[in-house]
Amino acid sequence: MPGFLQSLHSLRLKCEAYIVRKYANRAQKGGYTPELPTQRQLIEIPSRDIDRNIRIWVYPHLDWDRSPRRPVMVNWHGSGFIVGGFGLDHVWCTEVTQELGMWVIDADYRKAPENPFPAAVHDAEDVLRWVATRPDLFDLRYVAVSGFGSGATLALVAASTLRRADLGLNIRVPVAFYPITNFEVDPAQKRPLQRERHVPLSVSIIRFFNKCYVPNRDDRLDPRVSPGLGDLESFPDHVVIITAEYDIFAPEGIALAESLRNGHRTVISHMVRGANHGFDKDRRTNDFERQRAHAYFVARDHLDNALWAVSLGPPQLALAGAPVDAERLRNLLTSGYREDPNRNRTPTPTVGL
Numbered sequence: 001m002p003g004f005l006q007s008l009h010s011l012r013l014k015c016e017a018y019i020v021r022k023y024a025n026r027a028q029k030g031g032y033t034p035e036l037p038t039q040r041q042l043i044e045i046p047s048r049d050i051d052r053n054i055r056i057w058v059y060p061h062l063d064w065d066r067s068p069r070r071p072v073m074v075n076w077h078g079s080g081f082i083v084g085g086f087g088l089d090h091v092w093c094t095e096v097t098q099e100l101g102m103w104v105i106d107a108d109y110r111k112a113p114e115n116p117f118p119a120a121v122h123d124a125e126d127v128l129r130w131v132a133t134r135p136d137l138f139d140l141r142y143v144a145v146s147g148f149g150s151g152a153t154l155a156l157v158a159a160s161t162l163r164r165a166d167l168g169l170n171i172r173v174p175v176a177f178y179p180i181t182n183f184e185v186d187p188a189q190k191r192p193l194q195r196e197r198h199v200p201l202s203v204s205i206i207r208f209f210n211k212c213y214v215p216n217r218d219d220r221l222d223p224r225v226s227p228g229l230g231d232l233e234s235f236p237d238h239v240v241i242i243t244a245e246y247d248i249f250a251p252e253g254i255a256l257a258e259s260l261r262n263g264h265r266t267v268i269s270h271m272v273r274g275a276n277h278g279f280d281k282d283r284r285t286n287d288f289e290r291q292r293a294h295a296y297f298v299a300r301d302h303l304d305n306a307l308w309a310v311s312l313g314p315p316q317l318a319l320a321g322a323p324v325d326a327e328r329l330r331n332l333l334t335s336g337y338r339e340d341p342n343r344n345r346t347p348t349p350t351v352g353l
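Here's what the structure looks like:
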């Protein structure tokens, strides 16, 4: 495409993305306010680019002040790789840290069309590399990843392709809520498991999202884009995939789960009945709270089993007491940072832990 036409095409995508983001922001209004008491702290960590940082919410476990070193889970929000959503997963993150006694990192990532693939994957990798620089806080032998929608795709990529890189940590289990695992198939060819009551995601909208995130169609075969097309041997022994009955992406999530199970992985594939893509964030539905509570319980239970089954057992949780010393927690998180020697360079894939 000639340079002038390419510029016009890029401008059009950015204008359309702006409109989509405005609509999404209105739909998500109020969803960023934590529903549960939380001690989370917002900090910025270095990316591979010298002049750019990545925002993360850090959810400390209840005993962080006396016994900081615990397993950690890194989470990525849903966005279609275009819209915002950073901070929307506060209920899931809070429940995990309080119920399982572990750290949770809720991480942001760059969005398309301004930053197409592989920007989001690079940000996900950079967050994991930052985690690896803090063995004083995080038990790097027991790391989990999770995500929702596009964030679930990143979690599966982290637990497969990125897991084979020399990250300096051991990803034991991904928890993927309604992931997109195959970008190569056109959205018009995707069908939900239950069609009668399906509320369809617009094919044109999904195509637009795909065009923004992966403009080069050849890249859609890359396992960093479509984790369902990657090497199944890259995944850890435990995998949790939560799908929704009316979601057009459910069949590909279930197909990946079956393939992994046939590859002798311990796979939990749970479908939420009567639910659509993004069901846990859609407050307009009557079953919103019930569906969310059920899905989170199933995922949390199996996350618990996968992590503690290979460790010395869950720690004794401290009872919630006095309010957290926010300044002390922030100092703990931001001090003692060791510069990652891999910063600002592309790592060479090797077999991980």
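In this text, residue positions in the sequence shown follow full-length UniProt numbering: the first is 1, and each later residue adds one. Built from N, CA and C at the ideal position, the CB exists for glycine as well.
With 16 or more other Cβ atoms inside 10 Å of its own Cβ, residue 138 counts as buried. For residue 76, the beta-bridge partners assigned by DSSP are 107 and 147. By the C-beta criterion, the stretch 84-97 is judged to be in contact with the stretch 284-298, since at least 3 inter-stretch pairs fall below 8 Å.
Looking from the CA of residue 214, the closest CA among 75, 40, 117 and 14 belongs to 117.
One alpha carbon belongs to residue 123, the other to residue 108, and they sit about 8 Å apart. Across the set 258, 78 and 247, the C-alpha of 258 shows the shortest separation from the C-alpha of residue 240. Separation of the CB atoms of residue 135 and residue 181 is rounded to 32 Å, and the pair is thereby denied contact status at 8 Å.
If the five residues before and after residue 85 are omitted, its C-beta is found closer than 6 Å to the C-beta atoms of 77, 78 and 79, all from its own chain and listed in chain order.
Taking one beta carbon from each stretch, the stretch 242-261 and the stretch 172-179 have 3 or more pairs nearer than 8 Å; the two touch. Measuring C-alpha to C-alpha distances from residue 273 to each of 154, 193 and 299 identifies 193 as the nearest. Listed as beta-bridge partners of residue 243 by DSSP are 271. Under the three-state reduction of DSSP, residue 189 is assigned to helix.
Comparing C-alpha distances from residue 58 to each of 130, 188 and 25 shows the shortest one belongs to 130. Residue 242 has its alpha-carbon roughly 19 Å from the corresponding atom of residue 100. For residue 117, the three-state secondary structure derived from DSSP is coil. Residue 25 sits in a helix when the DSSP states are folded into three classes. From the listed residues 191, 153 and 224, the smallest Cα separation to residue 165 is found for 224. Per DSSP, residue 59 is one residue of the beta strand (DSSP E) stretching across 53-59. Within a 10 Å sphere around the beta-carbon of residue 189 sit fewer than 16 other beta-carbons, which makes this residue exposed.
Excluding the 5 residues flanking it on each side, residue 168 has same chain C-beta neighbours closer than 6 Å at 132, in chain order. Contact annotation: residue 74 and residue 43 have beta-carbon atoms that are not nearer than 8 Å.
Rounded to the nearest whole angstrom, the CA to CA distance from residue 48 to residue 126 is 7 Å. Residue 301 and residue 173 have their C-alpha atoms spaced approximately 12 Å apart. In the three-state scheme derived from DSSP, where H, G and I count as helix and E and B as strand, residue 83 is classed as coil.
Distance check between residue 281 and each of 33, 22, 209 and 140 places 33 closest, using alpha-carbon atoms only. In the displayed model, residue 227 falls within a helix according to three-state DSSP.
In this structure, residue 81 and residue 111 form a Cβ contact; the two beta carbons are roughly 6 Å apart against a cut-off of 8 Å. Closest in alpha carbon position to residue 88, among 207, 25, 52 and 62, is 25.
Only exposed fits residue 231, as fewer than 16 other CB atoms lie within 10 angstroms of its CB.
The beta carbon of residue 119 is closer than 7 Å to those of 110 in its chain, skipping five residues each way along the sequence. The DSSP-derived three-state label of residue 43 is strand.
Going by C-alpha positions, residue 140 is about 26 Å away from residue 261.
When only Cα atoms are considered, residue 72 and residue 170 end up about 11 Å apart. Per the C-alpha coordinates, the member of 83, 216 and 102 positioned closest to residue 307 is 102. By the Cβ neighbour-count rule, residue 45 is buried, with 16 or more other Cβ atoms within 10 Å of its own. Beta-bridge annotation (DSSP): residue 266 is paired with 238.
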